[in-house]
Structure formats: structure tokens, C-alpha cells
Amino acid sequence: MSSDINSQFQVYKEDPRIPCQYGVKCYQKNPQHHSKYKHPPKKEKVKQKTIITGIKRKKFVQSEKKARLETPQRKLQKVHESSERTVHKLSPSTERSSDNTNSDEDNNENYSVIPETLDKDITQIVTNSNCSPKSVENILISHIDVQKIIKDLFLVEMPTDFFQFYEFCKNVSKDNPLLALKSVGLKLVGPYDVLNGNLKNSETEDDKEKYLTHWRYYYDPPEFQTIIKCNDKEGLHFGYWRDDVIEKPTFVAKNQANVNCIFEPVAENIFGTIDIYLQSKVKSANPFEKTAVMRLHSHLKNFAKQHNISLEKNTMDMRSREKRVVARTFHRIGIVVPYDKKTQLGYRDLAATDNDLQKLLKQIEEAGNPDERKIPISKLDEIVRLATIAADECDFGTCLELGHDLFANGSNHVQTRALQMLSIAYTHLQRLQLLKILKAHLKNRKKGCELSII
Numbered sequence: 003m004s005s006d007i008n009s010q011f012q013v014y015k016e017d018p019r020i021p022c023q024y025g026v027k028c029y030q031k032n033p034q035h036h037s038k039y040k041h042p043p044k045k046e047k048v049k050q051k052t053i054i055t056g057i058k059r060k061k062f063v064q065s066e067k068k069a070r071l072e073t074p075q076r077k078l079q080k081v082h083e084s085s086e087r088t089v090h091k092l093s094p095s096t097e098r099s100s101d102n103t104n105s106d107e108d109n110n111e112n113y114s115v116i117p118e119t120l121d122k123d124i125t126q127i128v129t130n131s132n133c134s135p136k137s138v139e140n141i142l143i144s145h146i147d148v149q150k151i152i153k154d155l156f157l158v159e160m161p162t163d164f165f166q167f168y169e170f171c172k173n174v175s176k177d178n179p180l181l182a183l184k185s186v187g188l189k190l191v192g193p194y195d196v197l198n199g200n201l202k203n204s205e206t207e208d209d210k211e212k213y214l215t216h217w218r219y220y221y222d223p224p225e226f227q228t229i230i231k232c233n234d235k236e237g238l239h240f241g242y243w244r245d246d247v248i249e250k251p252t253f254v255a256k257n258q259a260n261v262n263c264i265f266e267p268v269a270e271n272i273f274g275t276i277d278i279y280l281q282s283k284v285k286s287a288n289p290f291e292k293t294a295v296m297r298l299h300s301h302l303k304n305f306a307k308q309h310n311i312s313l314e315k316n317t318m319d320m321r322s323r324e325k326r327v328v329a330r331t332f333h334r335i336g337i338v339v340p341y342d343k344k345t346q347l348g349y350r351d352l353a354a355t356d357n358d359l360q361k362l363l364k365q366i367e368e369a370g371n372p373d374e375r376k377i378p379i380s381k382l383d384e385i386v387r388l389a390t391i392a393a394d395e396c397d398f399g400t401c402l403e404l405g406h407d408l409f410a411n412g413s414n415h416v417q418t419r420a421l422q423m424l425s426i427a428y429t430h431l432q433r434l435q436l437l438k439i440l441k442a443h444l445k446n447r448k449k450g451c452e453l454s455i456i
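If you read the sequence shown in our numbering, its first letter stands for residue 3, the second for the next number, and so on.
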């Protein structure tokens, strides 16, 4: 019997389908579920048929009914909800809580606490060590801790494609997933160091500030979080863009930190982003490199197809966000704030055009001494004063726009005013996590591409 079970586990291990996160306790009867997900073999038990009658039968039926109610899905849902309460102490959100109650059929499109792609690790542990179902539950809970650690270190949660891409990189390079794409000049950074075991929970407030600057490039605003670095010549890097940390990222954007402050939306998820990158890489690669790049690109597309991951570039969510942009800002991504078109409440134009503000900031930067800088600084202070008045009248987007512009300018002479404007905006818009990220970054804002704190 033992050898038979081992052979069944071997077949299960080699099965290319996605492991079901409920394992041996899965209650699903849907054929579509069983065609998409694989399940570990169950140990057979010899059951004796007994005839139960009278009061004993009544108690038996009641116990059976109770057992059906306590399905693995409900148990795990309780674990999710308990974890969510812990994770969201900083900024509770009813939207996220409801998202996490979705079935495993929807995990590819929703913001999940335990992504399916981490379950292969769990399956591997079960296969190698013959873990009991109770042990599997403990391993599942440990992966909830991954999200909690990321939340603690970076004040944000990661979407499903973040974990799926790490699983893809593990398929490419099991020993070193972070360098799986080294052949095409890419490296996984930032919160990926948590998945790789390089970063753990912070213990002090100083540690927390330090972690918030981990792989944060000079022009990265708080809304942007680097996850992949490219070359050090232009400082090309990719990251998630969130207008608010309580929302899932709208898209993955890119910036060349050694060139300018401009950010560009690429695709809705990492797979779409790297798909575009590899398409470009194939065109510029020499004959010796082209074969390897094409092989990697094919592997990426096959993985995405197998896991129903979209490679779409300009999605409906991205277009919807673009319609809600109230001001373009110097970094070109623009800002999104609550805005009532009828009352025109939430945003008003700055007291200077983009061109006038850029000329003014250039005068401040190029001034030879403090005396020469006084006149342009006084003009800037007037724009700051009018933006503050706008915020007092509930047009918070004005301070947000000016703060982003001053931050994107990057000059030390206007850094304090950038913090002043963004503090007002983030506080009124209840985006306090972004304010914490900003303060940590401004304390240790540096140029270059060596930005790891490890």
C-alpha cells in the first residue's frame, strides 16, 4: 500500500496542472475545477457499513450536516479574514475584505492574499515530506505571512501576478529566481527579496524607514514601487503604479532614472510588461543572443497561457484610469483624485502653467548665489500659497499636482516645498502610507542604481 501511495504522489508531482490550494481536503465536484487543478492522492480507508437507526441516526445526520458546513473553503476563508484584519490595521478597507472571499476560479483576476502560484511550493513540501493535512494548513498560513511581511516593510500589498511571475522565474532558474532573467538584462528586486528570504520583518521604526527606500530610484514618487531593474546606463526599471495603496496597482510603468523624471505605463501586469520588453529585445539582439531570447519569450507566453494570465497592454482599467486624470504633471503619468465635474470640487489649475513653472524652477536651480535665488523663490512661494488656499477649499488635487511637479524637478532647493505640498494632499486624501514613503525617501534620496539596503 505504501509503495502504491508513493507512486501516486510521483504521478501527482509530475502532473503539469496547477495544484489546488485545498489539497486533499478539496470539496469541489465541478469537472472544470478538476480539469484545471490537480489534487494529491488520498489515503484509502476501509469503511465498515453500519446501520444506524433511532436517536443515534438523528445525531449522525446532525454531525454530518455540521461537517459539510465546515468545508475547507470556509476554514480557509476564516483564515483569510483573520489575516486580513491583521494586515489592514494601518488602513482597513471593506473592498479588499470582499475581494478575498472570491473562489479559486477567480484568483487570476482578483487581489488575493494567498495566490495560487505559491501553492506549488506547498505541494512540493507535501510530496517530499508526506505532510499531514494539518501541516498543509500551517504551510498555507505561513504564506499569508509573506503578504504580512511585505505589508509591514513596504506598506502595500502585492497583486496576484507578482507571485505568479516569481513562480515563472523559479521555473527558469530554481536556484536563483531573482537572476532568472539575467540573460536579457533583468533582475527581480524590491519586495521580491521577501519571497527570496532576503528580507524579514522590521523591528524598529528606523528599520521601517530604511525598508521603504529599498530599490527606490531618485525620481520614483510614492505611488511607484520598483520590482524589476534593467540596465545601469539609463537606469531603466519597472514597477507598479498605485494612486492609493488601498487599491491594487493600475499598471506597471517604467522610468529611466539616469535620463529624466518621465514615467510611462507599459501594461497591466508584469507578464505583459516583460512580453513587450522581450519583443524589443529580439529586434536588437545579435544572432547569438536571439535564439535564447526567443526561447525565453516562448516560455513566458506558454506560462501565461497555462495560467490564464492576460498579456494585454492597454486594458479597460488602464483606459478608465486615464479618463480620471485631472492633471498630467511633469512625470506624465498624471494624478487621480476624487473630482466632482458638476461642482468642480477636488481640483483647480495651478497659478502657473507647466512651462512657466519649469522656467521658474530652472532659474532657481541655475542661480549662482542665494541673492539671485530670492526672486524666483518668492514667485514659487506665491504659487505654493495659492495651492494651499485651494486645498483649504477642498481642491486637494492642486497641492498634489504641485507637490509631484516639485518632486519630479528633483532640485534640493525645492524639496522642502515638495514635502509641504504632498503632506497637505496625502493627509486630506487619506493616503497616509504614501506620505510615510515620501518622508523616508526624502531623508535618503540618492541618484544611481545601487539602491539595495541589503
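Here a beta-carbon is modelled for each residue, glycine too, at the ideal position from N, C-alpha and C.
With a Cβ-Cβ cutoff of 8 Å, do residue i and residue j count as a contact?
| i | j | result |
| --- | --- | --- |
| Thr-252 | Arg-330 | no |
| Ser-413 | Leu-363 | yes |
| Asn-459 | Asp-163 | What is shown of the chain runs 3 to 456, which leaves residue 459 out entirely. |
| Tyr-474 | Ile-229 | Outside the shown range of the chain, which is 3 to 456, sits residue 474, and nothing can be said about it. |
| Val-186 | His-301 | no |
| Tyr-349 | Gly-399 | yes |
| Leu-453 | Arg-419 | no |
| Arg-447 | His-415 | no |
| Tyr-213 | Ala-259 | no |
| Ala-354 | Ile-377 | no |
| Thr-429 | Leu-440 | no |
| Lys-40 | Tyr-14 | yes |
| Leu-298 | Leu-313 | no |
| Val-261 | Glu-236 | yes |
| Val-339 | Leu-408 | no |
| Gln-166 | His-309 | yes |
| Ile-379 | Ile-391 | no |
| Pro-43 | Gln-12 | no |
| Gly-192 | Trp-217 | yes |
| Met-320 | Pro-267 | yes |
Between residue i and residue j, how many whole angstroms is the CB-CB distance? I'm expecting something under 8 Å.
| i | j | result |
| --- | --- | --- |
| Ala-427 | Cys-401 | 4 Å |
| Gln-422 | Leu-157 | 21 Å between Cβ atoms; not a contact. |
| Phe-240 | Ile-335 | The pair is not a contact, with the Cβ atoms about 14 Å apart (cut-off 8 Å). |
| Ala-410 | Cys-232 | About 21 Å separates the two Cβ atoms, so there is no contact after all. |
| Val-148 | Leu-201 | Not confirmed; about 11 Å, so no contact. |
| Lys-361 | Glu-211 | With 8 Å as the limit, Lys-361 and Glu-211 do not qualify as a contact, their Cβ atoms being about 35 Å apart. |
| Lys-283 | Val-295 | 5 Å |
Using the DSSP secondary-structure output, state which residues sit across from residue i in a beta bridge.
| i | result |
| --- | --- |
| His-239 | Lys-231, Asn-257 |
| Ile-337 | Ala-329 |
| Ile-20 | Tyr-39 |
| Asp-154 | Paired residue(s): none; Asp-154 is not in a bridge. |
| Leu-347 | Asp-342 |
| Lys-189 | Lys-231 |
| Phe-226 | Trp-243 |
May I ask which residues mark the beginning and end of the beta strand (DSSP E) holding residue i?
| i | result |
| --- | --- |
| Phe-290 | Segment 289 to 308 is the alpha helix (DSSP H) holding Phe-290; no beta strand (DSSP E) there. |
| Glu-266 | 265 to 269 |
Tell me the residue span of the alpha helix (DSSP H) that contains residue i.
| i | result |
| --- | --- |
| Val-174 | 162 to 174 |
| Leu-424 | 417 to 430 |
| Arg-387 | 372 to 394 |
| Val-284 | 272 to 286 |
| Asp-397 | Where Asp-397 is concerned, there is no enclosing alpha helix (DSSP H), given that its DSSP letter is neither H nor E. |
| Glu-368 | 356 to 368 |
| Leu-201 | Note, Leu-201: premise wrong, no alpha helix (DSSP H); not H, not E. |
| Lys-445 | 434 to 445 |
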